[in-house]
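Numbering (my numbering), first residue to last: -14 to 51. Even for Gly, the Cβ is constructed at its ideal location relative to N, Cα and C. Here the structure is a predicted model, which means the values were calculated and not measured.
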Ligand SMILES: [Zn+2]
C-alpha cells in the first residue's frame, strides 16, 4: 500500500509500506478511499509542529470502508 511520508521539513515522498495487520480484538483494518489534509499535517510539512517527530507518515483524517 502507499503512504505519504514527510522525511524532513518541505520534503515528502509517496512510498510503498507494508499493509497493517490486526493484532488486537479491538483493531480494525480500513480500506482508505480519501484522506483530508489537516492543518497539523501542514505544520508537520513546514517543520513547525514541535510535537511531531520526522520522518512521519501524515494523513490522519481518513474516509474508507471496512
Ligand atoms: Zn487533523
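Less than 8 Å between the CB atoms is what I'm expecting for residue i and residue j, so what's the real figure, rounded?
i          : j          : result
residue -8 : residue 36 : That belief does not hold up - the Cβ atoms of residue -8 and residue 36 are roughly 18 Å apart, past 8 Å.
residue 22 : residue 41 : Going by Cβ atoms, the distance from residue 22 to residue 41 rounds to 14 Å, so no, they are not a contact pair.
Would residue i count as contacting chain D if we go by Cβ distances under 7 Å?
i          : result
residue 49 : Of the chains in the structure shown, none is chain D; there is only one protein chain.
May I ask you to list the residues that DSSP assigns as paired with residue i?
i          : result
residue 41 : -9
residue 95 : With the chain running from -14 to 51 in the structure shown, residue 95 is simply not present.
residue 32 : DSSP output for residue 32 lists no bridge partner at all.
Go through its chain and collect everything with a Cβ distance to residue i's Cβ below 7 Å, but skip five positions before and after it.
i          : result
residue 20 : 44, 46, 47
residue 16 : 49, 50
Excluding sequence positions up to five away, which residues of its chain have a Cβ less than 6 Å from the Cβ of residue i?
i          : result
residue 32 : -6
Near ligand 1, which residues have their beta-carbon less than 6 Å from any of its heavy atoms, given in chain order? 23, 25, 45, 46
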